[in-house]
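Student:
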Amino acid sequence: MIEPLGEVTLPLSLGSYPNRSTKMVKFLVVKAPSAYNIILGKPGLNMFQAIASTYHMKLKFPTPDGVGEATGDERMARECYANTLKRSREKLGEIEADKKGKMKLNEINHGARDPPACMGRF
Numbered sequence: 259m260i261e262p263l264g265e266v267t268l269p270l271s272l273g274s275y276p277n278r279s280t281k282m283v284k285f286l287v288v289k290a291p292s293a294y295n296i297i298l299g300k301p302g303l304n305m306f307q308a309i310a311s312t313y314h315m316k317l318k319f320p321t322p323d324g325v326g327e328a329t330g331d332e333r334m335a336r337e338c339y340a341n342t343l344k345r346s347r348e349k350l351g352e353i354e355a356d357k358k359g360k361m362k363l364n365e366i367n368h369g370a371r372d373p374p375a376c377m378g379r380f
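According to the numbering used here, the stretch in the sequence shown is residues 259 to 380, in order.
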């Protein structure tokens, strides 16, 4: 059984300009080996009003300027995952759970550029 360490609310952006949507999404933090950086479940998909197609590796969602789309690329996802693992060993600080179960994020990629969003099978 995997016990949660706590939760953290982070901004999540899907799509690209002008069809981009950003929402504050609550994530449950666990300490467990996984091939995924995040798992966006039904509450997150509903928040974006997104429709997912695993076959096409796409998410589509409404934006004020039209239909936004997040498309997966399997090769890029593998590279992104490998780079993320490498960076996490080098740069990520500790994540400490305080007594209330909320997360304190210390020095996580401070000053680093935002990495490209990746979606796909690992």
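Ideal Cβ positions, reconstructed from N, Cα and C, are used throughout, including at glycine. What you are looking at is a predicted structure, and each value in this text was computed from that prediction instead of being measured.
Closer than 6 Å by C-beta to Asn-277: which residues in its own chain qualify, once you throw out the five before and the five after it? Chain order, please.
Tutor: Counting only Cβ-Cβ distances below 6 Å, and skipping sequence neighbours, we find Thr-321, Asp-323, Gly-324, Gly-326.
Student: Keeping to the same chain, check which residues put their C-beta closer than 6 Å to that of Leu-286; ignore five residues upstream and five downstream.
Tutor: Once the five neighbours on either side are set aside, the close Cβ partners of Leu-286 are Pro-262, Glu-265.
Student: Please go through the segment 278-356 and give each complete alpha helix (DSSP H) segment of 4 or more residues, from N-terminal end onward.
Tutor: Complete alpha helix (DSSP H) runs here, min 4: 300-306, 332-349.
Student: Go through its chain and collect everything with a Cβ distance to Gln-307's Cβ below 6 Å, but skip five positions before and after it.
Tutor: Closer than 6 Å at the Cβ level, and outside the excluded window around Gln-307, lie Phe-319, Pro-320.
Student: Check each candidate in Gly-299, Gly-330, Asn-341, Met-259 and name the one with the smallest Cα separation from Tyr-313.
Tutor: Nearest of Gly-299, Gly-330, Asn-341, Met-259 to Tyr-313, Cα basis: Gly-330.
Student: Quick check: what's the CA-CA separation for Lys-316 versus Met-305?
Tutor: Looking at the two C-alpha atoms, the distance is approximately 17 Å.
Student: Could you say which of Ala-290, Ile-296, Gly-273 lies nearest to Thr-267 if we only look at CA atoms?
Tutor: Residue Ile-296 is the option with its Cα nearest to Thr-267.
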